[in-house]
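Residue numbers are given in the UniProt record's numbering: position 640 of the sequence shown equals residue 640, and the series is strictly consecutive.
Quick reminder that beta carbons are idealized off the backbone N, C-alpha and C, glycines included.
Fair warning: this is a prediction, and the values are worked out from it, not measured in the lab.
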Amino acid sequence: MILLGLLFYSGELTQIFSKRNDFLGKVIKEVKFKGNKNTPDSDLESMIEIKIGKTLTKKILDRDLKNLFNSGFFYFVDIQAEEVSDGIRIIFDLKERPRVKEIEFVGADEVFPADLRDKLPLKDNEVITPQKITKSRDLILQKYRDEGFFLAYVKVELGKPDAKTNLVRVRFVIDEGEEIPVSKINVYGNESIETSEILSVMEMKEEGVFEGGNFKESSFEKDKDTIVAYLKSRGYLDAELIREGTNWEIHWENPEKKDRRVIIVNVKISEGQIYFFNGYTVNHDMSLDGEGRPLFLNKEKNPPETAKDELKPLFSPKEIERSLDYSDGEVGAIFDETRFMRDRGTVNEMYSSKGYLFAQVIPRRKVVSLDRENLEYYENCYSRKSEEERKICENEYSQLHIKRLRQLYNTKPELHGKKFVHVDFNIRENNLAYVENVIIKGNKKTQDRVIRRELLFKQGDLFNSILVNRSRERIYNLGYFKEVNFNMRPGSDQTKMNLIIEVLEQPTGTVSMGGGYGTITGFSIFTEVGENNLNGTGQKISGRLEFGPFRRLFQITWTEPWLYNKPWSLSLSLFYSSRIYNVGAVSITENNNQQSIKEQAIYSRDGAGFTVGIGHRIFINWTHFHRYSPSIYASTNPSSLVSDQVLAEVRRGWQFRSQISNGIAYDIRDNVFNPTQGYDLLFQMDNVGQALGGQSHFDQYRVLAEYYHTWFDYSFFGLFRNNALKRWRVVQEFRSSSLFTYQRVPYYGKQDPIQRPYIQLQDLQFLGGYESLRGWFYNDAKYPTEWRDGAATRMLFSSELRFPIEPTLLWLVAFFDAGALYEEVNRATGVRRDLFTTYDQRVREAQLKDPIGYALSNYYNLNALRKADYTYEELNNPANLVLSGSNIALDKFRFSWGIGLRIQIPVLPLRIYFAQKLKYSGVPDHPFTKFESDNAFQFVFGIGDYRF
């Protein structure tokens with residue numbers, strides 16, 4: 001065996017031995033590898049040019065030697081040769097670098113190990129090199145610096161390689177050191193903008209009672225951009241930060257004691273002068289080539305034979321100007337760079353939505369000083385020497401709004417000498433763009449097809465920014481990814497582009513145990529196991545076991561969102577529940593006073609059933625769905641003080657219920673977890689019983705509408721926060737829900753509606769609690785008596801204003817709720833019908849028998865000696881309780897308002913509110929007022945978004 005070449009970790013080729021030339025020029029008959037434990041032979045074969053049947057040359061030998069070393073997998077490479085019949089055998093003797101068995105982080109308390117792991121070049125089962133170790137250590141240190149831990153120290157420990165697998169355990173031992181807070185932020189150079197304004201837009205805050213003052217280098221860099229953007233939004237277009245005076249320094253808080261370090265941040269500003277808006281003009285680049293064809297205009301409306309005076313842009317200047325935020329009526333307003341950037345983006349979006357991704361919007365600014373000389377220069381166009389000069393002057397006179405500037409000059413002397421900016425958008429439409437390739441990156445678990453099936457376009461389609469943006473929202477709404485970013489890269493020619501989809505996966509499986517408390521449902525503990533992306537296929541499976549004094553539940557659900565890779569979904573669900581209902585405290589003493597003994601009126605309801613459902617996506621945002629849900633239920637264990645209605649239900653024993661639900665939904669919300677714009681519409685019809693059998697017989701119709709509006713954006717509409725799916729938007733939600741229930745008769749046989757009501761108690765609607773009307777209770781004393789027993793129809797309206805503290809986690813909210821219940825006259829049977837029909841007669845009899853006592857009890861709260869909030873007639877007159885056009889009025893609703901927090905923890909989304917009851921006063925200036933007898937704020941707590 002002869003040594004042909006030797007390559008050590010230094011990368012230098014050894015001396016060529018004298019017999020080496022004996023093998024050059026001979027045919028390779030066999031190739032073998034030795035020492036490769038983790039690198040398959042097939043991978044090695046792909047790295048080398050030496051192949052069976054080839055002739056060995058010095059060039060091939062040298063290249064293979066270097067290729068193997070440059071792969072980074074080996075620190076020693078030895079190529080040997082020996083003669084065999086009719087040729088030679090090549091043997092690669094290799095010594096592999098160890099690979100990563102496991103990466104451990106010791107001492108990482110303030111930074112999540114998962115955040116560190118994602119950024120490291122070292123990955124499990126990958127080769128360990130000194131360069132990767134050094135870079136990994138530096139990245140960890142930089143991460144800690146970004147988080148404000150400037151004294152962090154990282155030590156790398158490598159375990160002993162396993163003799164069989166050559167795998168090594170890598171351990172990063174971290175000493176985080178102390179976190180250094182910001183004690184002071186100094187702002188210099190600001191002459192017009194208050195320091196407090198600048199501090200308010202900064203993410204970084206000084207240490208204080210309510211602020212931790214944490215310093216992050218990334219926040220410091222971001223704040224520099226934020227400050228400049230804010231100044232430009234206030235008209236200071238030349239604003240900048242002076243590099244020499246913008247920095248941060250570490251000091252001792254007390255130089256004498258030297259026991260605590262603090263950071264002082266310095267920001268030095270150059271405001272420059274303020275600029276004012278002077279309108280837009282829109283022009284298209286009509287340049288022609290040597291053959292008279294447009295260079296930059298769209299070719300679809302302008303074929304080669306089009307005459308110059310017949311050239312047509314895709315959008316006319318008037319169409320574009322109408323879509324812009326700024327208008328000519330705002331000439332003289334402070335020039336807001338943010339609005340200008342948004343307008344420029346609007347024009348780009350108009351073109352990219354039609355496939356013109358390569359369209360260029362080139363802004364050209366012309367600055368006019370508001371002084372007499374400038375105004376007279378444009379006002380005296382007639383004095384120009386040539387006709388061409390006069391035309392140019394007259395055109396500029398119109399474009400630059402000289403007439404309006406003259407008015408400002410005459411009426412606002414404080415504007416004399418100020419600069420006015422006119423922007424001319426010059427548009428080059430260029431070519432249509434087609435999607436050549438869609439490349440997906442970052443999905444380690446999720447299968448490519450799960451992402452691709454959410455795309456509203458395919459490879460080869462015309463690029464459409466509306467479909468691209470909606471596709472990104474659909475992928476994010478799957479809930480599998482922390483981030484979803486779309487990037488464009490040039491394609492193989494000027495009409496093609498490649499779309500890169502980069503995703504950052506997040507955990508989709510949940511194993512949780514915890515407790516919850518609802519102001520209505522009481523305390524409960526639960527265990528829930530779920531996987532929202534089963535094996536990366538997008539299937540969902542979950543199981544929940546809940547136990548508490550008032551509620552017990554077992555439920556398991558499985559959903560396939562794309563059945564056979566088609567936009568059809570299949571869902572199967574099985575449940576068993578047992579719940580104790582508290583229908584109010586009842587006095588068991590003769591006098592109804594504060595010393596009355598209260599006994600609870602409670603009963604239990606048990607139920608079990610399953611659901612089979614299918615759904616289908618149609619068009620882009622539409623879905624229709626259909627479900628069949630049979631179940632059995634029974635009410636048991638009533639206390640002695642429950643109503644006759646409950647006792648009758650208990651006597652009925654186990655009941656069968658059969659239900660079919662059909663619905664259609666339209667959803668264009670940008671984010672289903674935390675919407676900031678768009679709306680959601682739903683219409684659902686439930687058919688219960690009748691031809692389906694069972695003891696319940698009714699039709700139920702549900703109409704839901706949600707609308708989300710963004711008032712403004714902390715991130716200046718994404719100007720310097722580039723993740724479009726996470727913006728610091730102040731959002732208002734408007735929500736309306738109406739549920740109408742109509743009694744029907746059985747299709748088979750007969751059923752006594754008194755003994756077995758067609759609409760059972762659990763199918764009635766109640767009002768109050770977190771789910772419907774915050775601050776009110778199901779059996780509230782200010783409800784009509786009929787409402788406390790449930791009604792057939794419920795209407796709810798709500799508006800919630802949300803301020804993001806951290807968009808993915810915490811929101812501060814202010815809300816206003818309204819709700820009402822209505823009865824269906826056909827549902828009143830037996831004694832209850834008599835109460836409805838004889839109400840007027842009973843009122844007249846009471847008035848005649850004791851007119852003074854009736855008036856006092858009707859209009860005044862005798863216990864509190866003040867006027868009652870509602871008269872007895874207002875509360876309980878059946879004419880006011882039935883569903884009719886005249887009763888859908890403000891005085892029939894109950895209202896509340898309050899503030900609270902939305903805590904968006906993935907496993908346990910919490911909702912905490914303080915709500916106050918309101919009533920309609922009828923006074924135009926103050927239509928809603930608080931109750932004198934009940935004006936305290938109620939604590940309301942809920943888990944999840946299970947609101948109407």
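Do you know offhand how far residue 732's Cα is from residue 814's?
By one-based count along the sequence shown, residue 732 stands at place 732. By one-based count along the sequence shown, residue 814 stands at place 814. Rounded to the nearest angstrom, the gap between the Cα atoms of residue 732 and residue 814 is 9 Å.
Out of 241, 383, 705 and 357, which has the shortest C-alpha to C-alpha gap to residue 222?
-> What you label residue 222 is simply residue 222 of the sequence shown in a count that begins at 1. Nearest to residue 222 by alpha-carbon distance, out of 241, 383, 705 and 357, is 241.
Hey, residue 902 and residue 802 are a contact pair by Cβ (cut 8 Å); roughly how many whole angstroms apart? Within the sequence shown, numbered from 1, the residue matching residue 902 stands at position 902. Within the sequence shown, numbered from 1, the residue matching residue 802 stands at position 802. Correct: roughly 7 Å between the Cβ atoms.
query = Checking contacts by CB at 7 Å: is residue 761 closer than that to chain D?
reply = The structure shown contains no chain D; it holds only a single protein chain.
field: DSSP three-state assignment for residue 241, whether helix, strand or coil
entry: Here residue 241 corresponds to residue number 241 of the sequence shown, with the count starting at 1. In this structure, residue 241 counts as strand in the three-state DSSP scheme.
Q.
Rounded to whole angstroms, what is the Cα-Cα separation between residue 705 and residue 228?
A. What you label residue 705 is simply residue 705 of the sequence shown in a count that begins at 1. What you label residue 228 is simply residue 228 of the sequence shown in a count that begins at 1. Taking the straight line from one Cα to the other gives about 40 Å.
_Those runs of the beta strand (DSSP E) which lie wholly inside the region 39–127 and span at least 3 residues_ = Complete beta strand (DSSP E) runs here, min 3: 74–84, 87–96 and 99–106.
Subject >> Span separating the alpha-carbon of residue 937 from that of residue 672 >> reply: Indexing the sequence shown from 1 puts residue 937 at position 937. Indexing the sequence shown from 1 puts residue 672 at position 672. C-alpha separation (whole angstroms): 30 Å.
*Indicate whether residue 355 and residue 463 have their beta-carbon atoms separated by less than 7 Å.*
Mapped onto the sequence shown, residue 355 falls at position 355. Mapped onto the sequence shown, residue 463 falls at position 463. In this structure, residue 355 lies near residue 463, with their beta-carbon atoms less than 7 Å apart.
**Asked** Nearest CA to the CA of residue 253: which residue from 247, 246 and 261?
**Response** Your numbering for residue 253 matches position 253 in the sequence shown. Closest by alpha carbon: 261.
**Study point:** Residues sharing a beta bridge with residue 713, DSSP
**Key:** Here residue 713 is taken as the residue at index 713 of the sequence shown, counted from 1. In the DSSP output, where bridge partners are listed per residue, residue 713 has 729.
Please report the Cβ distance between residue 206 and residue 212, rounded to the nearest whole angstrom; I am assuming they are in contact, meaning their Cβ atoms lie under 8 Å.
Numbered from its first residue, the sequence shown carries residue 206 at position 206. Numbered from its first residue, the sequence shown carries residue 212 at position 212. Rounded, the Cβ-Cβ distance is 10 Å, inconsistent with contact.
Query raised in the report: How many angstroms separate the CA atom of residue 31 from the CA atom of residue 470?
Result: Taking the first residue of the sequence shown as 1, we reach residue 31 at position 31. Taking the first residue of the sequence shown as 1, we reach residue 470 at position 470. Rounded to the nearest angstrom, the two C-alpha atoms are 54 Å apart.
Note the first and the last residue of the continuous alpha helix (DSSP H) segment covering residue 195. To locate residue 195, count along the sequence shown from 1; it is residue 195. Residue 195 -> alpha helix (DSSP H) spans 195–201.
Original post:
Secondary structure at residue 821, three-state DSSP: helix, strand or coil?
Top reply: Within the sequence shown, residue 821 is the residue found at index 821, counting from 1. Residue state, collapsed to three classes: strand.
- Euclidean distance between Cα positions of residue 725 and residue 141: Here residue 725 refers to the residue found at position 725 of the sequence shown. Here residue 141 refers to the residue found at position 141 of the sequence shown. Unreliable placement is indicated for residue 725, whose pLDDT of 40 sits below 50; the coordinate value is still reported in the next sentence. Roughly 29 Å between the two C-alpha positions.
Review point. Thinking C-beta only, is residue 931 closer than 7 Å to residue 917?
Key: Residue numbering aside, residue 917 sits at position 917 when the sequence shown is read from its first letter. Residue numbering aside, residue 931 sits at position 931 when the sequence shown is read from its first letter. The answer is yes: Cβ separation under 7 Å.
According to DSSP, simplified to helix, strand and coil, what is residue 695? Start at 1 with the first residue of the sequence shown, and residue 695 comes out as number 695. Residue state for residue 695 is assigned as coil, using DSSP reduced to three classes.
**Message:** What does DSSP give as the partner residue(s) for residue 943 in the beta ladder?
**Reply:** Here the question's residue 943 lines up with position 943 in the sequence shown. In the DSSP secondary-structure assignment, residue 943 is bridged to 910.
* Asked: With distances taken from CA atoms, which of 434, 477, 93 and 326 is nearest residue 458?
  -> The residue labelled residue 458 in the question sits at position 458 within the sequence shown. Of the residues 434, 477, 93 and 326, the one whose Cα lies closest to the Cα of residue 458 is 434.
*asked:* What would DSSP say about residue 646, mapped onto helix, strand or coil?
replied: On the sequence shown, residue 646 is found 646 positions in, with the first residue counted as 1. Residue 646 carries a helical assignment under DSSP once its states are collapsed to helix, strand and coil.
Item to complete: Please determine, among 315, 238, 56 and 659, the residue with the shortest C-alpha to C-alpha distance to residue 270.
Response: Numbered from its first residue, the sequence shown carries residue 270 at position 270. Residue 238 is the option with its Cα nearest to residue 270.
With 16 other CB atoms within 10 Å as the buried threshold, where does residue 180 fall? Taking the first residue of the sequence shown as position 1, residue 180 is located at position 180. Residue environment for residue 180: buried (at least 16 other C-beta atoms within 10 angstroms of its C-beta).
Item to complete: Classify residue 572 as helix, strand or coil using the three-state DSSP reduction.
Response: Along the sequence shown, one-based indexing puts residue 572 at 572. Note: residue 572 maps to strand in three-state DSSP.
Given residue 687 as reference, the closest of 680, 657 and 707 once Cα atoms are compared: The count along the sequence shown starts at 1 and reaches residue 687 at position 687. Among 680, 657 and 707, the Cα nearest to that of residue 687 is on 657.
- Query: Do the region 45–63 and the region 112–131 make contact, defined as three or more Cβ pairs closer than 8 Å?
  - Reply: Output reads no: the region 112–131 does not touch the region 45–63.
*asked:* So, under 8 Å CB-CB, residue 696 and residue 760 are touching, yes? Tell me the CB distance rounded to an integer number of Å.
replied: Along the sequence shown, one-based indexing puts residue 696 at 696. Along the sequence shown, one-based indexing puts residue 760 at 760. That belief holds up - the Cβ atoms of residue 696 and residue 760 are roughly 5 Å apart, short of 8 Å.
Next item on the list: Tell me where the beta strand (DSSP E) around residue 398 begins and ends.
Entry: As a first step, residue 398 must be located in the sequence shown, where it is residue number 398. Following the DSSP letters along the chain, one finds residue 398 in no beta strand (DSSP E) but inside the alpha helix (DSSP H) bounded by residues 387–399.
With a 10 Å radius around its C-beta and 16 neighbouring C-beta atoms as the bar for buried, classify residue 286 as buried or exposed. For the purposes of this step, residue 286 is identified with residue 286 of the sequence shown, where counting begins at 1. By the 10 Å Cβ count, residue 286 comes out exposed.
- Item | Where residue 219 falls, given that 16 or more other Cβ within 10 Å makes a residue buried | Locating residue 219 in the sequence shown gives position 219, where the first residue counts as 1. Buried, because 16 or more other Cβ atoms sit within 10 Å of the Cβ of residue 219.
Discussion item. Using 8 Å for Cβ pairs, my map puts residue 580 next to residue 609. What's the rounded Cβ distance?
Written reply: The residue you call residue 580 lines up with position 580 of the sequence shown. The residue you call residue 609 lines up with position 609 of the sequence shown. In fact, because the Cβ distance is near 19 Å, the residues do not count as touching under 8 Å.
Taking only three categories from DSSP, how would you classify residue 935? Along the sequence shown, read from residue 1 onward, the residue named residue 935 stands at position 935. Assigned with DSSP and collapsed to three states, residue 935 falls in coil, not helix or strand.
Which residue wins for smallest C-alpha separation from residue 630, given the options 652, 322 and 607? What you label residue 630 is simply residue 630 of the sequence shown in a count that begins at 1. Checking every option, the nearest Cα to that of residue 630 belongs to 607.
- Contacts around residue 864, its chain only, beta-carbon distance under 8 Å, and the 5 residues preceding and following it disregarded: Here residue 864 refers to the residue found at position 864 of the sequence shown. Only weak support exists for where residue 864 lies, its pLDDT of 46 falling under 50; the value from the coordinates is given anyway. Correct list, in chain order: 933.
- Item | Residues bridged to residue 706 [DSSP beta-bridge criterion] | Mapped onto the sequence shown, residue 706 falls at position 706. Per DSSP, the beta-bridge partners of residue 706 are 680 and 735.
C-alpha gap between residue 43 and residue 103, whole angstroms
Here residue 43 is taken as the residue at index 43 of the sequence shown, counted from 1. Here residue 103 is taken as the residue at index 103 of the sequence shown, counted from 1. If I take the Cα positions, the gap works out to 25 Å.
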